[in-house]
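Visitor: Handing you this structure, nothing more for now.
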Amino acid sequence: MSFFSGRGNQPPQQPPGGYARLPPQPGAYRDQPRVPVPRYNDAPPQEKQGYSSRAPAPSQRSRGAYAVVSAPSDALALSNCLVVHPSDFASGQHVMVKQQYPLTTRQDNTGKLAPGTIAASAMHRQWIGLSVSGDEVTVEPIPFQPSYLQSLDVEVGFIRRNMEIAEQFSGDEMAKNFIRAFQGQVFSAGQVMAFEFHGQNLKGVVKALGLVELAETQNRGGPPSGASSMGILMEKTDVTILKSPDSAIKIKSSAKKAPSNAILAPNFKFEDMGIGGLDSEFATIFRRAFASRVFPPALVEKLGIQHVKGILLHGPPGTGKTLMARQIGSMLNAREPKIVNGPEILNKFVGASEENIRKLFADAEKEYKEKGDESGLHIIIFDELDAICKQRGSTSGGTGVGDSIVNQLLSKMDGVDQLNNILLIGMTNRLDMIDDALLRPGRLEVHMEISLPDEKGRYQILTIHTAKMRTNKVMDHDVDLAELAALTKNFSGAEIGGLVKSATSFAFSRHVKVGTMAGISDDIENLRVNRNDFMSAMDEVTPAFGVAKEELEQVVQNGIIHYSRVVDELLRSGELFVDQVRTSTRTPLVSLLLHGPSGSGKTALAATIAQASQYPFMKLLSPDSMVGFSESQKVAAISKVFADSYKSPLSVIVVDNLERLLDFTAIGPRFSNSVLQTLMVLFSRRPPKGRRLLLIATTSVRPILTDLGLSESFDAELRVPPISSLRSLAYVLDEVQLFSRRDEREQAIHMLEQAGFGGEDETSSRLNIGIKKLLNVIEMARQEPENVADRLTTSLMGLGM
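What follows is the structure, given as structure tokens:
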């Protein structure tokens, strides 16, 4: 039997009983030719031929009701029209069946349909809910002119279930044939029709439609009721053919039209995502991971490429990696991404961890089998990816669960059964811990560093965090966000959020009742967060990758005493090296060695040069902070300082007391070779692109650096000489104000000359002492006010000078 019409494919046979005239009825068809009146006996209704027994006389039908029969022929069934008798409706008339199903009429050209009867294909009967066994249905002309269709999405599949052929149909060609076959017909959402393409009987379902807005419709005050759910197909209608999810049909998508499952929401704007300072990173992610998915799949297929399947976001903590991954969901037009914390995958039962990985990809695999390249994008977000994807073989446990999880993830992302509808976004602070196989193209191939925000980014972040303050007018007018952005160098996004919270806490404290910790004052409505609150918060919240302020200030407690022109030259030379690192494009790394006798002020000079640079990252690497460390711990600590410096655009590291850092001992001699090799590598390693580093090291035993081979790592060396003239010594005495009376000073100078310290230059004086030791001697002499000159001279002589 034909699926479309409900009739047999064989020609109608002459029924017994010959021909007879129908009983005369008033009006409609008294003069109709004789038609066969078969004797059906007990034959089932679907096998009956003819129509006389089905069509009730007009006097027996209710007004506007028509009897339903099957389509007279397959051609009419494939026309997507409601077949009518010429005396009932004209061809091409748009009618409403059962007051809610719009169809276009077509007159019967076979002569087999009686007046008062309509013929519908099996598809239409299934869609509307009709039966050919004596069913009657209302059919009325649509009381208004439907709008024209601007777009139409049709989901297509084989009529026969479980049918599968190797041929791949062109979506563009099918759309042209669809328009050619059904142009001028009315369509509505959910409409089901049958049509033929390349000799195959196909079933189509209207999934979505867009109407052309007419000026006359707007002038009437809007379309009539029900007009927005139907429209007329025209030659210029943009028809999109989609694959039915329950069919094995293969459809090659259009290379001209954007996919109907567009991943971006139509009203999406980057500025609405609430993430500051990451504009360039978002642009790169969109270009690498989403741009190819905006274009039609057929166009991408012409290029012979596959979509990016994985992005790895890495960088310092608090820079917005997790926030960025979560906000990607807001730019999507479809499903929410699956967000998984790395440790949640782990399970104590054997095989359960791998099963959790498989469950994450199950929905994507199912949809890809149903829709192919028309499948929507499935996003899986892994936070703390390093918790489950460590280098295989690096864990000491005997279970091998970590390796199995990595293997399972690798096979799902780019295994034998490749999926092209997934995007995995991983986040980690430890890129070095991720297995190398995950980082290759085809898997997590886009590596995006989310670094510390620049001044513009910090301003955006401050604007976001203070938006409600400004809207509700609880932020004082003296708060300048541009000033705060300039002051918060190397603050991450999370640290800026902490700064704002700290500032509000100072504002709260001003409105707490005196003597209580729970009560609030009566003027709480006057609460304002002002500039002083933010300045106080700046002292409280310090960036993890910022300036080691306390450490640097501690080594320059007494300031720099310009006792000689050499000190000015040293500071000037240091300033030139700072400017070189900041401005030169050829020397992103400059290393400087300050050497001189112990206590000559090398560390203080190095710290002063670092502080004067105003670089956002300053760090003092000193043996004092590594007391008790093993060699491996020292190596890790040194490496971490340099790795942290690479996260800042401008950095300065002061490596103090190299010989102590190397565990050097003259007896032996002995030193730590692992620390030495680490320093040699790090001193010579150029920082990453866009990063600049100034390295200042100090040592009191310069000759050993040559023996160790470390001296070659420095670009320049500056000698810090000791105090060796009485003029320099007198300058220091005046600076620290050791003597309250001039005669005491003159007496002390005379005593020093008598003791042999009276030379005005290095060659004629026995004086040779570092500024640090000299300041200690002066402070000791200050403790005996009545005999300062004697104490000073005796102490200097006691040092063996």
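First residue of the sequence shown? That's 1 in full-length UniProt numbering, and the numbers climb one at a time after it. For glycine and all other residues, C-beta sits at the position ideal for the given N, C-alpha and C.
Could you tell me the boundaries of the alpha helix (DSSP H) in which Glu155 lies?
Guide: Element bounds for Glu155: not the alpha helix (DSSP H) but the beta strand (DSSP E), Leu149 to Phe158.
Visitor: Relative to the C-alpha of Asp707, which candidate in Val681, Leu676, Ser728 and Glu735 has its C-alpha closest?
Guide: Selected option, being the one with the closest Cα: Leu676.
Visitor: Find the nearest neighbour of Val541 within the set Ala119, Val500, Ser509 and Arg528, judged by alpha-carbon distance.
Guide: Closest by alpha carbon: Val500.
Visitor: Where does Arg21 fall in DSSP's three states?
Guide: A caution first: Arg21 carries a pLDDT of 35, below 50, which makes its placement in the model too unreliable to give a value.
Visitor: For Leu313 versus Met427, is the C-beta distance shorter than 8 angstroms?
Guide: Cβ distance < 8 angstroms, so Leu313 and Met427 count as in contact.
Visitor: Within 10 angstroms of the Cβ of Leu792, are there 16 or more other Cβ atoms? Answer buried if so, exposed if not.
Guide: The residue in question, Leu792, is buried, as its Cβ has 16 or more Cβ neighbours within 10 Å.
Visitor: State buried or exposed for Val294, treating a residue as buried only when at least 16 other CB atoms are found within 10 Å of its CB.
Guide: By the neighbour-count rule (16 or more Cβ atoms within 10 Å), Val294 is not buried but exposed.
Visitor: Rounded C-beta distance between Val156 and Ser91? I'm assuming under 8 angstroms.
Guide: Wrong, their Cβ atoms sit about 26 angstroms apart, outside the cutoff.
Visitor: Quick check: what's the CA-CA separation for Gln418 versus Gln168?
Guide: When rounded, the distance between both Cα atoms is 19 angstroms.
Visitor: So, helix, strand or coil for Arg125, using DSSP?
Guide: Helix.
Visitor: I need the boundaries of the alpha helix (DSSP H) containing Gly745, first residue and last residue.
Guide: Note that residue 745 is Arg in the sequence shown, not Gly. Taken as a continuous stretch (DSSP letters only), the alpha helix (DSSP H) holding Arg745 covers Arg742 to Leu752.
Visitor: Look at Ser700 and Ser591 and say whether their C-beta atoms are less than 8 angstroms apart.
Guide: No. Outside cutoff.
Visitor: Assuming contact is defined by CB atoms lying nearer than 8 angstroms, are Pro72 and Asp108 in contact in what I supplied?
Guide: A contact, by the Cβ cut-off of 8 angstroms.
Visitor: Touching or not, the region 605-621 and the region 723-734, by the rule of three or more beta carbon pairs under 8 angstroms?
Guide: No: fewer than three Cβ pairs fall under 8 angstroms.
Visitor: By the 10 Å Cβ neighbour count, where 16 or more other Cβ atoms means buried, how is Leu576 classified, buried or exposed?
Guide: With fewer than 16 Cβ atoms within 10 Å of its Cβ, Leu576 is classed as exposed.
Visitor: Could you spell out the range, first to last residue, of the beta strand (DSSP E) harbouring Glu717?
Guide: Note, Glu717: beta strand (DSSP E), Ala716 to Arg719.
Visitor: Here's a check: name, in chain order, each residue in its chain whose Cβ is nearer than 6 angstroms to the Cβ of Gly497, leaving out the five neighbours to either side.
Guide: Excluding positions up to five away in sequence, the list reads His465.
Visitor: Asp279 to Ser451, Cα distance in whole Å?
Guide: Those two C-alpha atoms are separated by around 12 angstroms.
Visitor: Would you say Val788 and Leu710 are within 8 angstroms of each other, going by their C-beta atoms?
Guide: Result no, Cβ atoms of Val788 and Leu710 do not sit closer than 8 angstroms.
Visitor: Determine contact between the region 121-130 and the region 166-186, defined as no fewer than three beta-carbon pairs at a distance below 8 angstroms.
Guide: No: fewer than three Cβ pairs fall under 8 angstroms.
Visitor: Measuring only the C-alpha atoms, how far is Lys468 from Met475?
Guide: Each residue's alpha carbon lies about 9 angstroms from the other.
Visitor: Spatial neighbours of Ser672 within its chain, please: C-beta separation below 8 angstroms, excluding the five flanking residues on both sides.
Guide: Within the same chain, Ser672 has close Cβ partners Glu631, Lys634, Leu662 and Asp663.
Visitor: In angstroms, rounded to a whole number, what distance separates the CA positions of Ser353 and Glu550?
Guide: Cα to Cα, the separation comes out at about 47 angstroms.
Visitor: Between the region 231-245 and the region 135-151, do at least 3 Cβ pairs fall closer than 8 angstroms?
Guide: Yes, the region 231-245 touches the region 135-151.
Visitor: Helix, strand or coil for Tyr368? Go by DSSP, reduced to three states.
Guide: Correct three-state label for Tyr368: helix.
Visitor: Let's see if you can read the secondary structure: which residues bound the alpha helix (DSSP H) around Asp707?
Guide: Looking at the DSSP string, the run of the alpha helix (DSSP H) that includes Asp707 is Arg702 to Leu708.
Visitor: Exposed or buried, which one is Ala166 when buried takes at least 16 other CB atoms within 10 Å?
Guide: Its Cβ having fewer than 16 others within 10 Å, Ala166 is exposed.
Visitor: For Thr699, which beta-bridge partners are listed by DSSP?
Guide: DSSP, once it has assigned bridges, lists His595 as partnering Thr699.
Visitor: Does the distance from the C-beta atom of Leu481 to that of Thr463 stay below 8 angstroms?
Guide: For Leu481 and Thr463, yes; Cβs fall inside 8 angstroms.
Visitor: With the cut-off set at 8 angstroms, would you say Met448 and Ile285 are in Cβ contact?
Guide: Cβ atoms of Met448 and Ile285: closer than 8 angstroms.
Visitor: Name the one or two DSSP bridge partners that Thr240 has.
Guide: In the DSSP output, where bridge partners are listed per residue, Thr240 has Asp153.
Visitor: Using the rule of at least 16 other Cβ atoms within 10 Å of the residue's Cβ for burial, across every protein chain shown, is Pro616 buried or exposed?
Guide: Buried, because 16 or more other Cβ atoms sit within 10 Å of the Cβ of Pro616.
Visitor: What does the Cβ neighbour count give for Glu367, buried or exposed, with the cut at 16 atoms within 10 Å?
Guide: That one is buried.
Visitor: Quick one: grab the DSSP three-state call for Gly310.
Guide: It is a strand residue.
Visitor: With 16 other CB atoms within 10 Å as the buried threshold, where does residue 810 fall?
Guide: The chain is shown from 1 up to 801; residue 810 falls before or after that span and cannot be answered.
Visitor: Have a look at the DSSP bridge pairing and note the partners of Asp795.
Guide: Looking at the sequence itself, residue 795 is Ser, so the reference to Asp does not match. Ser795 is not bridged to any residue.
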